[in-house]
Ligand SMILES: NC(=O)c1ccc[n+]([C@@H]2O[C@H](COP(=O)([O-])OP(=O)(O)OC[C@H]3O[C@@H](n4cnc5c(N)ncnc54)[C@H](O)[C@@H]3O)[C@@H](O)[C@H]2O)c1
């Protein structure tokens, strides 16, 4: 099958492209390099299944005239603080860019459109009693929501409606906090694992926003890749629209996360700083993320296999290798 993957130089899409290629599919990947890294896809160039990369922007790319069986739209400005400070760009990329990719899916005769939505759409729930949240519970439209989540919510509705109008099946994934090798190391807000490890290896204090009691549902990238492939198997021929939570169904406080990452890091770097700097919390950011994953279990036969401590251990090992390599190449 032929797939188009947008945002392919990003953390999640590069992993998705790799898995599709390993499964024997042909992949065209596009990215405008605004917050992705070519190093994430360097190993895919020349892959025997056929990988083609174009530097292109989802806001205005018209395609190459090629047809695709499936479009996986993952390109976005996904950083909460960036979207807060650049609302116009967030709307342009996350909403208008999605609409442009939907039009391209139609023109390129794609039969299915897969979309990276976010569990941040549930952030507006202010009452603990609602958790774990199921897919039908978002969006809550009577309490404030972060700007990033608003753009994803609007884009999601375009995906559902455009798909229905144009006979394109749609599958939306509400990812929680995805972590693993190749994750972005510079983002201080969840997923914080990369930021913590990076700071610990550099002997710098970690930054926690709020008091550390916020709880987050984390999913390892390998489990997410399994979810993507399960969706491809079960959803590719379907013409309806379905949304699936992509999380682990359990959560951890940011303090617990710091402790697990710290304990993994000191195995490699015993001099890691145990200091933490606390900074004010972001308004409209959820105190809790915790999703119910029964729907994906039932309809896609998927469930996460990697425990949090195992996933963090694997991630920290990889980040330590990256850190040592970067140090060697900068020496
Ligand atoms: N990582 C998570 O924990 C998480 C959680 C919820 C939702 N998501 C969503 O999943 C998707 C992938 O997330 P990620 O963590 O891999 O993000 P990422 O920032 O690593 O990757 C996004 C990619 O999109 C590219 N991009 C941005 N604007 C573009 C444009 N206008 N045209 C073309 N390419 C553009 C960037 O250069 C980058 O390579 C995003 O849509 C994000 O909103 C991620």
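Numbering (my numbering), first residue to last: 10 to 340. Glycine included, C-beta positions come from ideal geometry on N, C-alpha and C. Note that the structure is predicted; figures quoted are calculated from it, not measured.
For residue i, three-class secondary structure by DSSP
i, result
"residue 122", "strand"
"residue 331", "helix"
"residue 227", "strand"
"residue 107", "helix"
"residue 249", "coil"
"residue 79", "strand"
"residue 27", "helix"
"residue 12", "strand"
"residue 309", "helix"
"residue 236", "helix"
"residue 34", "coil"
"residue 113", "helix"
"residue 215", "strand"
"residue 320", "helix"
"residue 384", "What is shown of the chain runs 10 to 340, which leaves residue 384 out entirely."
"residue 183", "strand"
"residue 264", "helix"
Integer-rounded CB distance, given that residue j should sit under 8 Å from residue i
i, j, result
"residue 299", "residue 232", "At roughly 16 Å, the Cβ-Cβ gap does not stay under 8 Å, so residue 299 and residue 232 are not in contact."
"residue 84", "residue 15", "4 Å"
"residue 18", "residue 40", "4 Å"
"residue 202", "residue 266", "7 Å"
"residue 191", "residue 23", "6 Å"
"residue 209", "residue 282", "7 Å"
"residue 216", "residue 288", "6 Å"
"residue 157", "residue 129", "6 Å"
"residue 154", "residue 132", "6 Å"
"residue 43", "residue 72", "Actually they do not touch by this definition, with Cβ atoms about 20 Å apart."
Residue i versus the options, residue with shortest Cα-Cα distance
i, options, result
"residue 320", "60, 186 and 174", "186"
"residue 237", "81, 195 and 61", "81"
"residue 57", "46, 76, 29 and 43", "29"
"residue 315", "304, 128 and 229", "229"
"residue 303", "169, 163, 145 and 94", "145"
"residue 32", "235, 63 and 325", "235"
"residue 313", "337, 60, 335 and 256", "256"
"residue 164", "188, 111, 153 and 116", "111"
"residue 46", "34, 64, 290 and 114", "64"
"residue 279", "139, 258 and 212", "212"
Distance between residue j and residue i (C-alpha atoms, nearest Å)
i, j, result
"residue 27", "residue 49", "10 Å"
"residue 317", "residue 274", "15 Å"
"residue 277", "residue 194", "17 Å"
"residue 269", "residue 205", "10 Å"
"residue 78", "residue 101", "26 Å"
"residue 115", "residue 239", "23 Å"
"residue 294", "residue 166", "22 Å"
"residue 325", "residue 253", "28 Å"
Open item on the list: Under 8 Å, with one C-beta from each stretch per pair, do the stretch 122 to 130 and the stretch 166 to 182 reach the 3-pair mark?
Closed with: The answer is yes - the stretch 166 to 182 touches the stretch 122 to 130, with three or more Cβ pairs under 8 Å.
TODO: Taking 8 Å as the threshold, find out whether the stretch 104 to 116 comes into contact with the stretch 64 to 74 through three or more Cβ pairs.
DONE: Short answer: they touch.
TODO: Would you check if the stretch 239 to 246 and the stretch 308 to 327 touch, i.e. whether three or more CB-CB distances between them fall below 8 Å?
DONE: Cβ pair count under 8 Å is three or more, so yes.
TODO: Decide yes or no for the touch test of the stretch 212 to 224 against the stretch 248 to 263: beta carbon pairs closer than 8 Å, at least 3 of them.
DONE: Pairwise C-beta distances place the stretch 212 to 224 in contact with the stretch 248 to 263, as three or more of them are shorter than 8 Å.
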